[in-house]
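Chemist: Under my numbering, residues 30 to 511 are what the sequence shown spells out, in order.
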Amino acid sequence: MLSLQQKFALQQKLSPQQIQYQKLLQLNTLALEQRIKTELELNPILEEVLDEELELKDDDSSDETLDTEEDYDSSDDEFELEDYMNDVDIDNDRLNRSRDDEQTQPIAPQRTTLREQLVEQLNMLDLSDEEVIIGENIIGSLDRDGYFKANLKKIIKELKLFEEIDVTLEQGEKVLGIIQTLEPVGIGARDLRECLLIQIRNSSYDPYYSYLAEKILTDFYKEFVNKRFDIIEKEMNLTRTTLRSTLDLIQKLNPKPGEGNIDEVESNQITPDFLIEKVENNYIVTLNDKSMPSVTISQTYLEMIDSNKRRRKMNERDKETHKFLREKFESAKWFIASIQQRRNTLMKIMRAILEKQYHFFESGPKHLKPMIYKDIADEIGMDISTISRVVNGKYVQSPQGIHELKYFFSEGLSTDSGDEISNKHIKELIKEIIDGESKKNPYSDEKISKMLQDKGIHIARRTVAKYREQLKLPVARLRKEL
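#1: For the beta strand (DSSP E) that leucine 442 lies in, which residues bound it at each end?
#2: Just verifying my parser: in three-state terms, what is the DSSP assignment at asparagine 452?
#3: I'd like the ranges of any alpha helix (DSSP H) spanning at least 4 consecutive residues and lying wholly in the segment 138-201.
#4: Would you mind sorting serine 388 into buried or exposed? The rule is 16 or more other CB atoms within 10 Å of its CB.
#5: Assuming histidine 432 is part of the alpha helix (DSSP H), what are its boundary residues?
#6: Quick check on methionine 333: does DSSP put it in helix, strand or coil?
#7: To the nearest angstrom, how far is it from the Cα of threonine 5 to the Cα of leucine 54?
#8: Is the beta carbon of aspartate 319 sitting closer than 8 Å to the one on proline 428?
#9: Could you say if the segment 439-446 and the segment 484-499 meet the contact criterion of at least three C-beta pairs nearer than 8 Å?
#10: Which whole-angstrom value describes the C-beta separation of lysine 77 and proline 322, a residue pair presumed to lie in contact below a C-beta threshold of 8 Å?
#11: Can you find the residues in the same chain that come closer than 6 Å, C-beta to C-beta, to leucine 272, ignoring five residues on each side of it along the sequence?
#12: What does the Cβ neighbour count give for tyrosine 240, buried or exposed, with the cut at 16 atoms within 10 Å?
#13: What distance in whole Å lies between the Cβ atoms of leucine 147 and isoleucine 216, which are believed to be in contact at a cut-off of 8 Å?
#14: Which stretch, first to last residue, makes up the beta strand (DSSP E) that contains glutamate 466?
#15: Just to confirm my understanding: we take alanine 505, look at its own chain, exclude 5 residues before and 5 after, and list those with CB closer than 7 Å. What are they?
#16: Are phenylalanine 177 and isoleucine 185 closer than 8 Å when you measure CB to CB?
#17: Grouping DSSP H, G and I as helix and E and B as strand, with all else coil, what is methionine 480?
#18: Nearest CA to the CA of isoleucine 431: which residue from His396, Thr210, Thr300 and Ser274?
#19: Mind checking which residues open and close the alpha helix (DSSP H) that includes valine 512?
#20: Taking only runs that begin and end inside the segment 363-433, name each unbroken alpha helix (DSSP H) of 4 or more residues, in chain order.
#21: Over the uninterrupted alpha helix (DSSP H) stretch that includes threonine 275, give me the two end residues.
#22: How many angstroms separate the CA atom of glutamate 345 from the CA atom of threonine 67?
#23: Cα separation between threonine 268 and serine 157?
#24: If you measure from the CB of leucine 211, is any heavy atom of the ligand GTP nearer than 7 Å?
#25: Is it true that the segment 408-425 meets the segment 378-395, where meeting means three or more beta-carbon pairs spaced less than 8 Å apart?
#26: Give me, in chain order, the residues of the same chain whose beta-carbon lies closer than 6 Å to that of isoleucine 313; leave out the 5 immediate sequence neighbours on both sides.
#27: Taking all protein chains shown into account, do 16 or more other C-beta atoms lie within 10 angstroms of the C-beta of aspartate 412, making it buried, or fewer, making it exposed?
#28: Just to check my reading of the structure: tyrosine 496 and lysine 456 have Cβ atoms closer than 8 Å, yes? What is that Cβ distance to the nearest angstrom?
#29: Classify lysine 362: buried if its beta carbon has 16 or more other beta carbons within 10 angstroms, exposed otherwise.
#30: Answer yes or no: do tyrosine 371 and tyrosine 50 have a C-beta to C-beta separation smaller than 8 Å?
#31: At the level of alpha carbons, what is the spacing between lysine 256 and leucine 221?
#32: Can you have a look at arginine 144 and say buried or exposed, based on whether 16 or more other CB atoms are within 10 angstroms of its CB?
#33: Taking serine 323 as part of the beta strand (DSSP E), name the residues at either end of that continuous run.
#34: Are the CB atoms of phenylalanine 358 and isoleucine 382 nearer to each other than 8 Å?
#35: Taking Cβ to Cβ, would you say asparagine 283 is nearer than 8 Å to phenylalanine 303?
#36: Would DSSP call glutamate 76 helix, strand or coil?
So, in structure tokens, the structure goes:
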């Protein structure tokens, strides 16, 4: 039986402008720069300003910004065409740069990936067309650390089946051997032992120690991995000094020729999104946006819109043109407003972090306080999701170095004195303890736990083990040295 029912429900919907703002909020400086350039290509109403540096209005004096997700009302931010047409200070509506003359980090030039470099080296060798093709397939099969874990027989079989290229297994092995001697040496090895052996055999180290290192990796690899140095010393009849020199040689080798990023473009540095400088006794926060394109509404297109608007009669083509330009105008003004609001939001969050973690910027990592997203959200009156978007993937350069914003957020625990201590501070203490231990008798996780408890920090052994693993420090047995 059909019936009519009245139902009340609360729903939250995001406008296209809010979605655009949220997406821009997530971008770091380099990604935003590319996003602005893309928008300049897509929207004819926007144009880049190529004249002298523009001065920003003070952040605190700007009231005409987009509201946050929680209290946004599109009616509060209406822009009229006449506001742009008659405003002699139209420069103020541009995407402006920082008013501080900060020094920006130069952007590393575009480079090829390591995989592409290997293919280039391969093509410079005197190889047949078939051997080059099998070589390219081998290089394409390397994992991110540069190891060849694929099945060579399978690759050769697929080449014959799908590309009608007949390559023997001997040719495949020959090309693989050649690839392993390309730069970096050891690339294309099938396991760690082979990788280290290739580097030793193609190095210019002392022949005697190279021979001993090769023998250790060939005959005593298991003992070497498990640091059973006493067995190696006894079986090879070596003195402690000779064994130590041989192990030092092995430790100079590269266990990951691909460096974990064989497909990534080489990057020399991180471009920070914020710069914090200490001037006298005050810290100054600026956005590292000096190289950002500055955009404005095109006066030419505004005049076209105004001209169409004043016409008494418009044909269908004129109506379509006016509608198109009006839509682009709306998109442009919201894009500029979103960029400005993004800037204001980023500055608010960074200043709040600076205030909360003031002692870190003054004295270093040991003074990092426990802090969660909610602390900053409550401080500046924004939603936790907004803090998360800003913090993710953005960096700040300060007198303490370059840190990701997520670095400043951590949980903590109470000490016997009643103070709150950050888990990052605990990691620093664990690292200090391990750095200061005797390498002949390194501390176990249980011992480190007791040492921290003696300092009033109650932490379980399994937590010490977790923090040690996050610091990429091996267990006590593997930290043992001669």
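Where is the CB? At the ideal position from N, CA and C, for every residue including glycine.
Modeler: Reading it off the structure:
#1: Here the beta strand (DSSP E) through leucine 442 covers 441-443.
#2: Shown here, asparagine 452 sits in a helix according to DSSP, grouped into three states.
#3: Listed in chain order, the alpha helix (DSSP H) elements of length 4 or more contained wholly in the segment 138-201 are 143-152, 158-169 and 181-191.
#4: For the record, residue 388 in the displayed sequence is histidine; it is not serine. Around the beta carbon of histidine 388, fewer than 16 other beta carbons lie within 10 angstroms, which makes this residue exposed.
#5: Taken as a continuous stretch (DSSP letters only), histidine 432 belongs to no alpha helix (DSSP H), being part of the beta strand (DSSP E) at 430-433.
#6: It is helical.
#7: Nothing about residue 5 can be read from this structure; the chain reaches only from 30 to 511.
#8: This sequence places lysine at residue 319; aspartate is not what is there. No, these two residues do not count as a Cβ contact at 8 Å.
#9: Flag = yes, the segment 439-446 and the segment 484-499 touch.
#10: According to the sequence provided, residue 77 is glutamate. The question's lysine does not apply to it. Between proline 322 and glutamate 77 the Cβ distance is about 5 Å, and since that is below 8 Å, they are a contact.
#11: The beta carbon of leucine 272 lies closer than 6 Å to those of Glu262 in the same chain, with the five residues before and after it left out.
#12: Classification for tyrosine 240: exposed.
#13: By a beta-carbon distance limit of 8 Å, isoleucine 216 contacts leucine 147. Their separation comes to about 7 Å.
#14: Counting along the chain, glutamate 466 falls outside any beta strand (DSSP E), and DSSP gives it neither H nor E.
#15: The answer, listed in chain order, is Pro471, Tyr472 and Ser473.
#16: No, these two residues do not count as a Cβ contact at 8 Å.
#17: In the structure shown, methionine 480 sits in a helix (DSSP, three-state: H, G or I).
#18: Nearest of His396, Thr210, Thr300 and Ser274 to isoleucine 431, Cα basis: Thr300.
#19: This structure cannot speak to residue 512, because the chain is shown only from 30 to 511.
#20: Scanning the segment 363-433 for uninterrupted alpha helix (DSSP H) segments of 4 residues or longer gives 387-392, 402-409 and 413-420, listed from N- to C-terminal end.
#21: That run of the alpha helix (DSSP H) goes 269-280.
#22: Rounded to whole angstroms, glutamate 345 to threonine 67 spans 30 Å at the Cα level.
#23: Approximately 49 Å between the Cα atoms of the pair.
#24: The ligand GTP is absent from the structure shown, which contains no ligand whatsoever.
#25: The segment 408-425 vs the segment 378-395: in contact.
#26: Excluding positions up to five away in sequence, the list reads Glu306.
#27: With fewer than 16 neighbouring CB atoms inside 10 Å of its own CB, aspartate 412 falls in the exposed class.
#28: Between tyrosine 496 and lysine 456 the beta-carbon gap is near 5 Å, inside 8 Å, which marks them as a contact.
#29: Answer is buried; the Cβ neighbour count reaches 16.
#30: Note that residue 371 corresponds to arginine in the displayed sequence, not to tyrosine. Closer than 8 Å, so yes.
#31: Here the alpha carbon of lysine 256 sits roughly 16 Å from the alpha carbon of leucine 221.
#32: Classification for arginine 144: buried.
#33: For serine 323, the enclosing beta strand (DSSP E) stretches over residues 323-326.
#34: No, Cβ-Cβ distance for phenylalanine 358 and isoleucine 382 is not below 8 Å.
#35: Cβ atoms of asparagine 283 and phenylalanine 303: not closer than 8 Å.
#36: In the three-state reduction of the DSSP assignment, glutamate 76 falls in the strand class, which pools E and B.
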